[in-house]
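Numbers in the working numbering are just positions in the sequence shown, counted from 1, shifted up by 156.
Built from N, CA and C at the ideal position, the CB exists for glycine as well.
Here is the structure we will look at, set down as structure tokens.
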Amino acid sequence: MSGLQEYFGERHNRLRQTVRKFVEREITPFVDEWELQGEFPRELYHKAGEAGILAIGYPDAYGGSGGDLFLKIACVEELMRCGSAGVVAGLGSLDISVPPILFLGTEDQKSRFVPPVLKGDKISSLGITEPGAGSDVASISTTAVRQGNHYVVTGAKMFITSGVRADQLTCAVRTGGQGYEGISLLVIESATQGYSVSEKLKKLGWWASDTAQIFLDECQVPVENLLGQEGQGFYGITENFQNERLQLSVMANMTSQLALEESLKYVRESESFGKSLWKSQVTRHKLSDMATLVEASREFVYRVAAKIDAGKNQVKEISMAKNFACMVSDKVTGDALEIFGGLGYLRTSLVERLYRDNRILSIGGGTQEIMKEVISKLIFR
Ligand SMILES: Cc1cc2nc3c(=O)[nH]c(=O)nc-3n(C[C@H](O)[C@H](O)[C@H](O)COP(=O)(O)OP(=O)(O)OC[C@H]3O[C@@H](n4cnc5c(N)ncnc54)[C@H](O)[C@@H]3O)c2cc1C
Numbered sequence: 157m158s159g160l161q162e163y164f165g166e167r168h169n170r171l172r173q174t175v176r177k178f179v180e181r182e183i184t185p186f187v188d189e190w191e192l193q194g195e196f197p198r199e200l201y202h203k204a205g206e207a208g209i210l211a212i213g214y215p216d217a218y219g220g221s222g223g224d225l226f227l228k229i230a231c232v233e234e235l236m237r238c239g240s241a242g243v244v245a246g247l248g249s250l251d252i253s254v255p256p257i258l259f260l261g262t263e264d265q266k267s268r269f270v271p272p273v274l275k276g277d278k279i280s281s282l283g284i285t286e287p288g289a290g291s292d293v294a295s296i297s298t299t300a301v302r303q304g305n306h307y308v309v310t311g312a313k314m315f316i317t318s319g320v321r322a323d324q325l326t327c328a329v330r331t332g333g334q335g336y337e338g339i340s341l342l343v344i345e346s347a348t349q350g351y352s353v354s355e356k357l358k359k360l361g362w363w364a365s366d367t368a369q370i371f372l373d374e375c376q377v378p379v380e381n382l383l384g385q386e387g388q389g390f391y392g393i394t395e396n397f398q399n400e401r402l403q404l405s406v407m408a409n410m411t412s413q414l415a416l417e418e419s420l421k422y423v424r425e426s427e428s429f430g431k432s433l434w435k436s437q438v439t440r441h442k443l444s445d446m447a448t449l450v451e452a453s454r455e456f457v458y459r460v461a462a463k464i465d466a467g468k469n470q471v472k473e474i475s476m477a478k479n480f481a482c483m484v485s486d487k488v489t490g491d492a493l494e495i496f497g498g499l500g501y502l503r504t505s506l507v508e509r510l511y512r513d514n515r516i517l518s519i520g521g522g523t524q525e526i527m528k529e530v531i532s533k534l535i536f537r
């Protein structure tokens with residue numbers, strides 16, 4: 157059909173196959189065990205690094221393999237097929253913590269902090285949220301006071317993905333006065349004296365990703381680890397949000413897709429009142445609505461991604477896409493659980509995990525309400 161825009165070409169499809177095989181071989185068989193353990197083996201970072209999965213979308217100069225946003229999307233979609241969004245979030249913590257280094261960092265910082273993470277030798281986390289500051293990023297209170305060649309950093313970070321075993325933290329700190337202008341970004345290595353980590357935080361979902369509180373007690377961080385200039389941190393953080401929101405939207409769509417696929421399989425195989433569930437018009441209509449929502453959300457997210465790739469400002473649209481994808485995944489995972497009946501409530505069914513894992517997607521990277529704040533400011537201009 158003329159004018160039909162395809163988002164995925166040969167290169168994307170080849171990569172999709174590679175990631176699919178990797179997931180089938182290295183992740184899916186072990187997922188249930190890792191979910192119960194509350195983490196996956198550190199070795200998986202190495203394996204994903206060796207397979208080139210962590211390098212997708214990053215510049216060649218720092219160990220990346222380049223490519224457009226749709227390569228990353230294809231990769232996340234295939235990783236999500238393992239059925240544990242916790243694994244995807246844990247492996248993906250580099251995707252929220254490395255971009256600010258590339259965006260604001262010097263050549264030296266990029267060369268020091270990026271290649272080991274893309275190889276899977278080091279684990280990288282992002283530290284923005286604090287016990288007293290989540291949505292209101294501008295109110296963070298972790299301080300970094302310059303003393304000679306160091307910043308002395310004191311404070312705490314909360315809910316940090318991969319935080320239990322991260323080797324480096326791209327960390328928001330206050331170097332100046334109140335408000336967003338006083339915020340800077342520092343890369344803090346976990347080996348720094350005064351850096352300590354809580355037990356793994358127990359969560360509703362994302363069990364296979366380790367999440368921690370991080371304590372910074374007069375950590376001496378070299379001034380060479382400051383990204384950009386003092387006061388540029390908030391800029392680095394907001395730039396990064398677009399990327400994070402896109403990935404969370406893709407994760408939400410895949411959560412919906414898997415819930416839909418599981419439901420279709422179940423309905424085909426199950427009977428109630430002596431007839432196949434598929435014969436029930438109510439069930440068929442529910443599945444039709446689920447499929448329609450998934451399709452609409454996926455197309456919207458792809459369209460926004462294509463515009464971001466083309467360099468267009470999509471702050472409003474990506475906020476809309478994230479909220480829409482999460483609204484859809486809330487509905488579709490709920491409907492899937494209903495279709496499964498009691499079996500959907502059991503730990504043995506994938507829809508149970510999808511339902512739990514889904515819940516964080518509309519909170520992380522900016523809550524529904526914060527997305528609506530962003531959208532409302534931009535539609536009233
Ligand atoms: C599993 C998990 C992993 C995470 N990973 C990371 C990570 O790796 N790095 C990191 O830095 N953070 C991480 N986070 C933190 C996450 O980004 C925050 O939880 C999120 O930004 C919300 O902040 P909060 O929890 O402090 O909620 P709050 O900001 O306290 O919000 C509570 C409620 O108030 C509402 N609200 C707040 N302000 C407004 C407003 N102005 N208008 C209307 N409503 C408002 C919110 O929408 C929400 O409903 C993670 C969280 C979880 C649970």
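If distances are taken between C-alpha atoms only, which option among the options comes closest to residue i?
i: Asp373; options: Val329, Tyr336, Val309; result: Val309
i: Leu517; options: Leu260, Leu227, Thr411; result: Thr411
i: Gly220; options: Asp264, Val270, Leu260; result: Val270
i: Gln539; options: Gln470, Ile296, Glu417, Tyr218; result: Only positions 157 to 537 of the chain appear in the structure, and residue 539 is not among them; the question remains open.
i: Ala300; options: Pro287, Leu341, Lys275; result: Leu341
i: Lys478; options: Lys468, Val460, Glu494, Gly467; result: Val460
i: Asp366; options: Pro197, Gln303, Pro185; result: Pro197
i: Ala368; options: Pro378, His441, Lys356; result: Lys356
i: Ile316; options: Arg302, Gly290, Glu417; result: Gly290
i: Tyr214; options: Val244, Asn169, Ser267; result: Ser267
From residue i to residue j, what distance separates their C-alpha atoms?
i: Gly384; j: Leu258; result: 10 angstroms
i: Leu227; j: Glu199; result: 24 angstroms
i: Gly398; j: Gly520; result: Looking at the sequence shown, residue 398 is not Gly but Gln. Roughly 12 angstroms separates the two Cα atoms.
i: Ser532; j: Ser444; result: 31 angstroms
i: Gly242; j: Leu360; result: 11 angstroms
i: Ile393; j: Val254; result: 11 angstroms
i: Leu510; j: Gly387; result: 40 angstroms
i: Arg167; j: Thr174; result: 11 angstroms
i: Ile284; j: Ser318; result: 13 angstroms
i: Glu182; j: Leu235; result: 11 angstroms
i: Thr489; j: Gln349; result: 44 angstroms
i: Val187; j: Ile535; result: 43 angstroms
i: Ile526; j: Gln470; result: 16 angstroms
i: Leu282; j: Lys435; result: 49 angstroms
i: Met157; j: Glu473; result: Low confidence applies to Met157: its pLDDT is 44, below 50, so where it sits in the model is not reliable enough to give any reading.
i: Asp513; j: Tyr351; result: 29 angstroms
i: Phe371; j: Ser346; result: 10 angstroms
Strictly by DSSP, which residues pair up with residue i?
i: Ile212; result: Gly222
i: Arg302; result: Tyr307
i: Glu427; result: Ser432
i: Arg330; result: Thr299, Ile339
i: Lys283; result: For clarity, residue 283 is Gly in the given sequence; the question names Lys instead. According to DSSP, which records beta bridges pairwise, Gly283 is partnered with Cys327.
i: Glu233; result: Glu233 is not bridged to any residue.
i: Glu345; result: Gln324
i: Ile316; result: Ala368
i: Ala289; result: Glu286
Looking at residue j and residue i, is the spacing between their C-beta atoms short of 9 angstroms?
i: Ala322; j: Ile279; result: yes
i: Ala294; j: Ile339; result: yes
i: Tyr336; j: Phe390; result: yes
i: Ser453; j: Ala408; result: yes
i: Leu250; j: Val232; result: no
i: Leu225; j: Asp465; result: yes
i: Gly223; j: Gly276; result: no
i: Arg401; j: Gly239; result: no
i: Gln413; j: Val450; result: yes
i: Ser419; j: Val484; result: no
i: Gly311; j: Thr331; result: no
Just checking residue i against ligand 2 - is the residue's beta carbon closer than 8 angstroms to any of the ligand's heavy atoms?
i: Trp190; result: Ligand 2 is absent from the structure shown, which contains only ligand 1.
Q | Length at least 3, wholly inside the stretch 349-411: the beta strand (DSSP E) runs in chain order | A | 351-353, 367-378
Q | Minimum length 4: unbroken alpha helix (DSSP H) runs contained in the stretch 498-533 | A | 506-514
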